[in-house]
Amino acid sequence: MTVVNGKLVTPVGTFPTNGTVTIQLVDYEDTPVIGFNTAGDTEVISTSVVTPSSSGTWTANLVGQGSIELANGDSATVYRVTESGAGVTYSYHIVVPTSDDPVWAGDCRADVGEGSITYFGTTLWAVATFTGAEASTSLIDVPVPIMFPPSDMVITAVKASRVGGTGATINVFNGDDAVLNIDLSITSEGAPISAPALQNVEIAANTPLSAQVMSSGGAPDAVCVQVELRMA
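So the mapping is simple: this note's numbering equals the position in the sequence shown, first residue as 1, plus 2.
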């Protein structure tokens with residue numbers, strides 16, 4: 003579950019009276035649907051109504067879009083958020099990432115219609131951490147899936163860091179295709195290092211996005227790979 007935060011205020015900064023926030027899972031046609039949460043073996047149904055606090059803030063724990071499938075196996079879902087108060091009602095849509103950190107609803111905005119989606123929010127990201135023998139040996143000699151994008155996306159950046167050891171190299175894979183034409187060398191410890199160039203950046207919905215430690219030196223304790231993406 004991802005914590006989504008928001009805050010309702012009037013143009014003069016006061017909290018609109020009798021405010022409510024209604025959240026419902028819909029498809030790209032804005033039709034209410036049932037979503038199968040493949041990460042938690044549950045079904046996402048019905049509508050959730052959240053009452054903001056006296057200061058206008060509201061919080062909802064939502065299943066990330068990357069874990070939701072429709073009955074036909076498609077991953078084309080968003081949440082419709084309807085906010086009301088002071089006699090007015092407005093709706094917008096959000097795509098919720100799977101995140102350990104809270105996200106603001108305004109950073110997850112999307113536009114849907116005619117079976118398609120345009121994402122307006124911030125960058126989504128997928129992270130994999132290899133520890134112990136996984137980071138320092140060839141124990142895992144194939145790419146490890148870290149994300150199945152909920153819709154067509156574009157990979158915008160790849161970063162990696164390590165703890166311990168004397169070096170390591172990584173690569174990221176879009177299906178069977180390498181995203182880096184040269185393995186990224188993590189030459190220094192601690193701060194993340196960004197890949198200078200990317201290839202095969204357009205990744206289709208449900209295609210496995212994978213990462214792999216290609217080589218290592220000095221037995222690193224951990225190697226972390228972060229892939230940043232945006233909606234296509």
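Where a beta carbon is used, it is the ideal one built from N, C-alpha and C, also for glycine.
Nonlocal neighbours in the same chain, by C-beta distance under 6 Å from residue i, ignoring five residues either side
i, result
"residue 23", "52, 60, 85"
"residue 225", "132, 137, 164, 170, 215"
"residue 183", "201"
"residue 66", "4, 98, 99, 100"
"residue 120", "113"
"residue 197", "160, 182, 186"
"residue 223", "165, 166"
Best match in the options for proximity to residue i [C-alpha to C-alpha]
i, options, result
"residue 47", "151, 58, 57, 70", "70"
"residue 83", "181, 10, 207, 168", "10"
"residue 45", "221, 27, 31", "27"
"residue 188", "8, 25, 166", "166"
"residue 50", "40, 72, 25", "25"
"residue 74", "218, 16, 29", "29"
"residue 108", "179, 117, 178, 95", "95"
"residue 41", "58, 64, 33, 21", "64"
"residue 31", "117, 18, 199, 81", "117"
"residue 18", "81, 37, 54, 33", "54"
"residue 77", "179, 37, 217, 122", "37"
Assigned secondary structure, residue i (DSSP; H/G/I helix, E/B strand, else coil)
i, result
"residue 67", "helix"
"residue 109", "helix"
"residue 78", "coil"
"residue 118", "strand"
"residue 137", "helix"
"residue 204", "strand"
"residue 44", "strand"
"residue 30", "coil"
"residue 172", "strand"
Cβ-based neighbour list, residue i, same chain, cut-off 8 Å, excluding 5 preceding and 5 following
i, result
"residue 128", "148, 149, 211, 228, 229, 231"
"residue 39", "45, 46, 65, 69, 70"
Integer Cβ distance of residue i from residue j, believed to fall under 8 Å
i, j, result
"residue 202", "residue 173", "That belief does not hold up - the Cβ atoms of residue 202 and residue 173 are roughly 11 Å apart, past 8 Å."
"residue 195", "residue 162", "6 Å"
"residue 207", "residue 152", "7 Å"
"residue 35", "residue 91", "Actually they are not in contact, since the Cβ atoms of residue 35 and residue 91 sit about 22 Å apart, beyond 8 Å."
"residue 106", "residue 8", "7 Å"
"residue 191", "residue 156", "That belief does not hold up - the Cβ atoms of residue 191 and residue 156 are roughly 30 Å apart, past 8 Å."
Beta carbon of residue i nearer than 8 Å to that of residue j
i, j, result
"residue 88", "residue 213", "no"
"residue 219", "residue 168", "yes"
"residue 68", "residue 21", "no"
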